[in-house]
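*Asks:* Dumping the structure here so I can ask a few things about it.
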Amino acid sequence: MSEGQFASNEALQKLLDTGEYSDLTIKCGDHTFQVHKNIVCARSEYFAAACTTGTIELESNADPDAAEDDPSLDDPDAVKLMIDYLYLHDYELITTCFSGISEVSETGAFGEPDGDYGAIMDAKVYALGCKYQIPSLQSTSLTKFEEAAALAWDSEEFAHAVHLVHTITPDSDKGLRDVTVWVIHEHDDELYNKPAMEAVIKNSNGLAFDLLKEQTNRHFHVTTSSSTAIATKAKTTVAIIARFALDASQVVRIVQQQSIADSSGTRSRRGKGKESASTHNPLSGSV
């Protein structure tokens, strides 16, 4: 970072911390953020359209009776991180939340995490980026979610994060959903046997369908000479159908889609060298 950039960030951090010269208030539950229109509105089409008055009120999930996975409600901690990003082009999970926790804490039973950190909080921030039309925030939180999921896939936190991804992000937005499918599939032997993850897969709209689609995708890309690999993947496919209660119409639709893609030549061309049998890894950063 150049000296000029450092000075600029330092000045923005001061404005963020002090609220000096603020001309817009954002409220989320009991939390109030004194911000600046020329910064916030320049980076969010939603806030640009909404700041006709001096105050914008967001619906908070901080109420004990509120559902954490209600997409119409916002987590004040995630809102704080979103505002940090609008000023500083990044956000840090540690020392930024209202709970005062300064490090990643342990998680308890599924649905009751002790601290909203890592993949869980990144999922919440991503949802805010989508909701408040901040594409660059979505991109940043997606990268952070990928990194957190790769490290925490075996934790209760990840199971909870998967649940949130499939409830607080739009069905049409595949960013985080594709990552969860890829991570679960990579560790399916371990994760399918975890009660918390099994419950999430059964109860999350479309997740079992996406997992089967991923499995079918990989099955069709296995070379025909690899009979052992085909048998293994076929067995896994049957297990997904049985365990997560996919109905026949869903299974037929996946197979038909893959057959059409196969016949139209969208999969790897034969006779032009051997290519990798695996599908794109969203964590690799390349297609």
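Just so you know, this note's numbering puts 244 at position 223 of the sequence shown, and the rest follows in order with no gaps.
Yeah, the Cβ is synthetic: ideal placement off N, Cα and C, and Gly gets one too.
Excluding the 5 residues flanking SER299 on each side, which residues of the same chain have their C-beta closer than 6 Å to its C-beta?
*Replies:* Reliability of the predicted coordinates at SER299 is poor, the pLDDT of 45 falling under 50, and no value is obtained from them.
*Asks:* For ILE60, which residues of its own chain have a beta-carbon under 7 Å away from its beta-carbon, when the five flanking residues on both sides are left out?
*Replies:* LEU107 and TYR108
*Asks:* What do you get for HIS110, buried or exposed, if any count of 16 or more other CB atoms within 10 angstroms of its CB means buried?
*Replies:* exposed
*Asks:* Tell me the DSSP secondary structure of LYS35 in three-state form.
*Replies:* helix
*Asks:* How would you label THR310, buried or exposed, when you count the other beta carbons within 10 angstroms and need 16 or more for buried?
*Replies:* What is shown of the chain runs 22 to 308, which leaves residue 310 out entirely.
*Asks:* Is it the case that the stretch 140-155 contacts the stretch 90-108, given that we only count it when at least three CB pairs across the two stretches are under 8 Å?
*Replies:* yes
*Asks:* By the three-class DSSP mapping on this structure, what secondary structure does CYS62 have?
*Replies:* Three-state result, CYS62: helix.
*Asks:* Near SER160, which residues of its chain fall below 6 Å by C-beta distance, leaving aside the five closest residues on each side in sequence?
*Replies:* none
*Asks:* Going by the C-beta, is ILE189 closer than 6 Å to any heavy atom of the ligand MG?
*Replies:* Only the bare structure without any ligand can be found here, which leaves the ligand MG out of the picture.
*Asks:* Are the CB atoms of HIS184 and ILE141 nearer to each other than 7 Å?
*Replies:* no
*Asks:* Between the stretch 67-74 and the stretch 33-41, do three or more beta carbon pairs fall short of 8 Å?
*Replies:* They do not touch, by the three-pair rule.
*Asks:* Between LYS58 and the rest of its own chain, which residues show a CB-CB distance below 6 Å, the 5 nearest in sequence each way excluded?
*Replies:* ASP44, LEU45 and CYS72
*Asks:* When you compare only the Cα positions, how much space is there between PHE54 and ASP209?
*Replies:* 42 Å
*Asks:* Under 7 Å between the Cβ atoms of ILE189 and ASP90?
*Replies:* yes
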